[in-house]
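These notes concern the structure reproduced below.
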Amino acid sequence: PHRAIHIDGTARVAIEACDGCGICVAECPAKAITMIEEGENFEKKNFVEPPEHIPNWMVLFCCDGSSGPTWDSMKPNPVLNRWHMNVIRVACSGRISVSAILEHFKKGTSAVLIAACPKSCCDHIHGNQLAENRVKRVKKILISLNIDPSKVEIINIGRGMQEKLSDEIKEFCIKHAIGEKAVPVEK
């Protein structure tokens, strides 16, 4: 989105134009782009094996430009400590690929929540929209695998929206029985 990649027979990155959002990595169909600071594979680097003694475990992806600082300002929070989750900070929610989300399910994660920036406030132009489109694709894949598609959701959280983020996490965890004391929401 920052016009850092130019193709003239060979793809070249203009480092001065790159903002480090990682959207190009997630968008590249050939998986030929990597981020210098990531070194190893993003999906493997940001995966935490769900503990065997915890039956339901979730992953929360937080965008560095919005929900990440909001999450940081909420710690420590005894209410949130109740839920079993791995929080993964990303430069932009647009960096989260379909394969990154599916890798978590493959390894035993019960549910994935992506906290992207508000719709018109993405530092990387449209990363939140790309993430939303990927979540839609993952939902279709989950349906084809007979897995509840609501196990992956995207929410829009800006800086300073601690109460909204807390409420969204709580609702998501209860809905998917994340945490030892969690119970399903009555309908």
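Reading the sequence shown from the start, the letters are residues 74 to 260 in this note's numbering. Glycine included, each C-beta is placed from N, C-alpha and C at the ideal position. For clarity, every value in this text was computed on a predicted model and none was experimentally measured.
Residue i and residue j closer than 8 Å at C-beta
{"i": "residue 131", "j": "residue 183", "result": "yes"}
{"i": "residue 245", "j": "residue 186", "result": "yes"}
{"i": "residue 230", "j": "residue 238", "result": "yes"}
{"i": "residue 204", "j": "residue 189", "result": "yes"}
{"i": "residue 169", "j": "residue 210", "result": "no"}
{"i": "residue 201", "j": "residue 167", "result": "yes"}
Residues near residue i in its chain [Cβ-Cβ closer than 7 Å; skip 5 each side]
{"i": "residue 222", "result": "212, 215, 216"}
{"i": "residue 142", "result": "232"}
{"i": "residue 144", "result": "135, 160, 238"}
Rounded C-alpha distance that separates residue i from residue j
{"i": "residue 250", "j": "residue 81", "result": "51 Å"}
{"i": "residue 160", "j": "residue 179", "result": "18 Å"}
{"i": "residue 146", "j": "residue 137", "result": "13 Å"}
{"i": "residue 114", "j": "residue 171", "result": "Reliability fails at residue 114, whose pLDDT of 48 lies under 50, so the model's placement of it is uncertain and the value that follows must be treated cautiously. About 14 Å."}
{"i": "residue 236", "j": "residue 219", "result": "33 Å"}
{"i": "residue 163", "j": "residue 241", "result": "19 Å"}
{"i": "residue 243", "j": "residue 193", "result": "25 Å"}
{"i": "residue 165", "j": "residue 133", "result": "13 Å"}
{"i": "residue 158", "j": "residue 139", "result": "19 Å"}
{"i": "residue 156", "j": "residue 181", "result": "16 Å"}
{"i": "residue 225", "j": "residue 177", "result": "11 Å"}
{"i": "residue 191", "j": "residue 148", "result": "22 Å"}
Residue i - partner residues in DSSP beta bridges
{"i": "residue 168", "result": "Beta-bridge pairing links residue 168 to no other residue."}
{"i": "residue 162", "result": "135"}
{"i": "residue 187", "result": "134, 227"}
Own chain residues within Cβ distance below 6 Å of residue i, not counting five before or after
{"i": "residue 252", "result": "155, 156, 157, 246"}
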